[in-house]
Structure formats: structure tokens, C-alpha cells
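Worksheet: one structure, shown below.
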Ligand code: F3S
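In this note's numbering, the protein residues as written are 2 to 399.
In C-alpha cells form, the structure reads like this:
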């Protein structure tokens with residue numbers, strides 16, 4: 002791979018062992034994927050933050066990188082951790098887990114990462130522009146960055162995202178290149194879509210269809226009349242989960258859709274397909290005992306809608322509200338937090354119902370997130386109800 006003088010210096014170890022290690026990780030990755038050079042990145046989002054996923058070995062690696070003088074060179078934010086960093090006791094988190102989780106976050110902080118633990122960094126300032134090369138790791142955010150923002154990133158793993166942060170570089174391959182961003186399948190949507198659950202269901206249907214096709218073509222969706230930020234983040238999370246996709250085009254909605262003609266091969270999805278996707282995730286028998294909103298992390302507008310609906314009422318089930326620390330601070334200032342907490346719901350900031358260590362604590366999760374349904378079953382063994390945003394809230398009140 003062709004390296005600039007600065008990159009050669011980083012590789013030589015002159016900038017310290019952590020930077021050298023980071024360069025080695027990037028070069029190994031570049032060699033696997035046939036990259037000819039490295040690209041400068043403007044922003045990084047790191048996964049591998051929850052101690053539940055990292056374990057001791059991961060913590061050791063991070064500590065070594067921090068002690069080896071690793072220092073981020075571009076804006077770097079973190080994915081959700083395994084707990085609310087300020088309020089973990091209220092979520093019933095084990096003190097040993099909390100200690101290890103704090104050590105993980107401290108290691109990232111020592112390296113200069115902003116310790117906002119969230120999967121929606123684009124809602125609070127880690128917001129790349131069209132065409133910028135970035136290195137992000139969280140699958141829903143990667144899909145949002147590529148498709149909705151028009152930035153360019155592969156789906157990084159924890160170590161490669163950290164390596165990009167410490168060097169400000171990423172190998173030039175995959176979705177950084179024009180030719181890998183072209184659509185390969187037209188998806189005609191013949192249904193009215195409303196709210197996050199419908200968009201999540203669309204992600205399930207498109208994801209499953211693409212997953213079953215050779216080469217997993219990038220879908221080009223037609224027929225979606227409008228999609229807001231909250232709906233798109235729901236769709237991205239779902240598409241990444243059920244189709245393993247990091248990119249899509251939506252005619253009239255996403256910025257690169259206008260650069261391409263719709264591919265000839267076409268799949269049509271109707272309301273019936275979406276209802277089938279919903280049914281497949283809304284299958285729990287028995288009483289729900291856990292309700293959660295905020296996968297991906299809630300926007301301020303979603304917190305506002307939640308507060309409006311909960312005002313003067315009282316929830317009867319464990320109800321987690323998961324969002325980022327910056328959005329929570331705004332919610333505090335707006336008075337939304339006070340209303341939500343007075344109703345008995347609990348903020349689980351910096352974390353979510355998937356990455357927190359809650360296996361075995363609940364039986365049935367109610368959510369508006371198709372992604373949360375997938376991991377609730379696969380990771381935590383919960384049955385799921387998959388409802389629209391407002392109905393999720395009503396379920397918590399029953
Ligand atoms: Fe975010 Fe956790 Fe969902 S990381 S996308 S809230 S699974």
C-alpha cells in the first residue's frame with residue numbers, strides 16, 4: 002500500500018506504540034481488501050464499548066492502547082455502553098460490571114474520545130457532510146451515514162475504528178469507492194408508511210429479501226413518499242440487522258438516489274409483506290414485563306412526544322427510555338425528563354436494552370424497534386411485542 006511520509010512515520014513507531022499498532026491494524030485490513038492507500042477521515046464512531054461484549058481481553062487491549070500513548074486525531078464518539086454511566090444503580094447493574102465498564106470508558110477518555118455513548122452521534126454533533134470519508138462502527142449509524150447523509154464508511158469493527166481514530170486514516174476500499182455504492186435491486190414499496198414501526202418493518206422485509214439474493218445487492222427504494230429522521234434511523238437499524246446492509250438509496254429521500262437509475266431487477270413489497278414482517282416479531286404470548294423505547298437512541302423530538310403522552314399518568318411496567326447524554330441534557334432543560342420520571346419511566350442513558358447485561362431479568366419486551374426485537378430474542382432470550390411508538394407507551398401504562 003502506498004503510504005504518505007506522515008503515515009510512514011506513524012508506522013515506524015515514532016508517534017508511540019499505540020499509533021504504530023493502529024497503523025498495523027489498518028494495513029492488515031487494507032491488505033485483506035486490496036486497498037491501494039489510506040484515506041484521511043473526518044470522524045470516527047467506535048463500537049466495542051459495552052463490557053458485556055468486550056470482556057477482559059477487550060479491556061486489556063484498550064488499556065494497552067491508552068498506556069501506549071494512543072490519542073485520537075479526529076472527532077471520535079463512542080457506541081452505547083453496558084450501563085447508564087451516571088445512574089447505573091437505578092438500572093440494577095452489578096457493581097463489578099459497573100467498575101469494569103467505567104475502566105473501559107476511562108481508557109477511551111484517556112485517548113481523547115468524547116465519551117458520549119450513543120448509536121445516534123449524528124443527532125448531537127458528530128455529523129459528517131456529504132462525500133466525507135469517515136470510519137464508523139455501529140451498523141445502524143453506518144447505514145444512516147452512508148445512505149441518509151451521503152458520507153462514506155465501511156462498517157468498522159471495534160479495533161479498526163479505534164485504529165482510524167488514532168491515525169485519522171482508513172483503508173480505501175468498499176463503500177469509500179463510487180463503484181461499490183451503486184444499487185443492484187429496485188424495491189417498489191406499495192404501502193403507506195407511518196412511524197418508526199412501519200419503517201422498521203420495511204427494513205425487515207427489504208433486509209430479508211436482499212439477504213436471500215446472491216451478492217446482497219444495494220436496494221433502491223421507490224414509492225416512499227416521505228421519511229423523517231426518526232423513521233430513517235429506525236429503517237437503517239432494521240435494514241442493517243436483517244439484511245446486513247450498510248447502504249441503500251431511497252428515491253427522493255436520500256442524496257445519492259438521484260445519481261443512479263433504478264436497477265431493472267425489481268421486487269414489489271405491499272402492505273401485506275410489511276404486516277407479515279410485523280407479525281414475525283410481534284409474537285409473544287403472555288404478559289409483557291419490560292418496555293423500552295430508544296433503539297436507535299431517541300431523538301429530542303421523540304422524547305418530547307413521549308413526555309406529552311406520559312404527562313400526569315403512571316406506568317405499571319419496567320419502562321426504559323434509552324437515549325444519548327446530550328439529548329437527555331436537553332430533555333432535562335425542556336422539562337421532559339421531570340414529566341417522564343414522574344410517570345415512573347426510567348432513563349437508561351449511554352446504554353440500551355440490547356447492550357446492557359439484562360439476560361434473564363425479563364420475559365417479554367415491548368418495543369417499536371425491529372432491531373431490538375432481533376437482539377432481545379437472540380442475545381437475551383426474551384419474547385417480543387412489536388408495536389407503534391404510541392402503543393408501546395400505552396402498553397407500559399397497562
Ligand atoms: Fe443503538 Fe442499542 Fe439499538 S446500540 S441501534 S439502541 S441495539
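The beta-carbon is built from N, C-alpha and C at its ideal position, and this holds for glycine as well. Remember, predicted model here, so these are calculated numbers, not experimental data.
Quick check on residue i: does DSSP put it in helix, strand or coil?
i, result
"residue 296", "strand"
"residue 330", "helix"
"residue 254", "coil"
"residue 33", "helix"
"residue 46", "strand"
"residue 4", "coil"
"residue 40", "strand"
"residue 172", "strand"
"residue 98", "helix"
"residue 279", "helix"
"residue 135", "coil"
"residue 360", "coil"
"residue 115", "strand"
"residue 88", "coil"
"residue 127", "coil"
"residue 353", "coil"
"residue 248", "coil"
"residue 22", "helix"
Using 8 Å as the cut-off, classify the Cβ of residue i as near or not near the heavy atoms of ligand 1, replying yes or no.
i, result
"residue 157", "no"
"residue 143", "no"
"residue 177", "no"
"residue 376", "yes"
"residue 327", "no"
"residue 68", "no"
"residue 381", "no"
"residue 370", "yes"
"residue 358", "no"
"residue 323", "yes"
"residue 121", "yes"
"residue 373", "yes"
"residue 218", "no"
"residue 80", "yes"
"residue 1", "In the structure as shown, the chain starts at 2 and stops at 399, and residue 1 therefore has no counterpart that could be examined."
"residue 1", "Any question about residue 1 goes unanswered here, given that the chain covers just 2 to 399."
"residue 232", "no"
"residue 238", "yes"
"residue 303", "no"
"residue 355", "yes"
"residue 65", "no"
"residue 250", "no"
"residue 298", "yes"
"residue 139", "yes"
"residue 169", "no"
"residue 49", "no"
"residue 295", "yes"
Out of the options, point me to the one whose CA is closest to residue i's CA.
i, options, result
"residue 221", "232, 204, 230 and 234", "204"
"residue 80", "102, 70 and 61", "102"
"residue 278", "198, 247, 302 and 349", "198"
"residue 171", "10, 390, 368 and 45", "45"
"residue 265", "219, 116 and 353", "219"
"residue 321", "299, 377, 348 and 398", "348"
"residue 228", "335, 377, 160 and 148", "148"
"residue 406", "13, 64 and 250", "Missing from the structure shown is residue 406; the chain here goes from 2 to 399 and no further."
"residue 252", "260, 142 and 245", "260"
"residue 157", "134, 150, 179 and 151", "134"
"residue 175", "109, 241, 127 and 31", "31"
"residue 354", "341, 343, 328 and 381", "381"
"residue 239", "138, 275, 200 and 230", "200"
"residue 371", "119, 337 and 283", "283"
"residue 292", "257, 16, 389 and 25", "389"
"residue 258", "92, 357, 184 and 164", "184"
"residue 343", "398, 11 and 3", "398"
"residue 345", "365, 361 and 315", "315"
"residue 43", "16, 75 and 59", "75"
"residue 104", "122, 84, 90 and 91", "84"
"residue 356", "312, 164 and 98", "98"
"residue 116", "124, 125 and 106", "106"
Per DSSP, residue i is paired with what?
i, result
"residue 187", "221 and 267"
"residue 365", "384"
"residue 76", "44"
"residue 322", "294 and 348"
"residue 153", "134"
For ligand 2, I want to know if residue i counts as a neighbour, meaning its beta carbon is within less than 8 Å of at least one of the ligand's heavy atoms.
i, result
"residue 83", "Summarising the ligand content, the structure contains ligand 1 and does not contain ligand 2."
Compare the C-beta of residue i against all C-beta atoms of chain C and say whether one is closer than 9 Å.
i, result
"residue 314", "Chain labels in this structure do not include chain C; a single protein chain is all it has."
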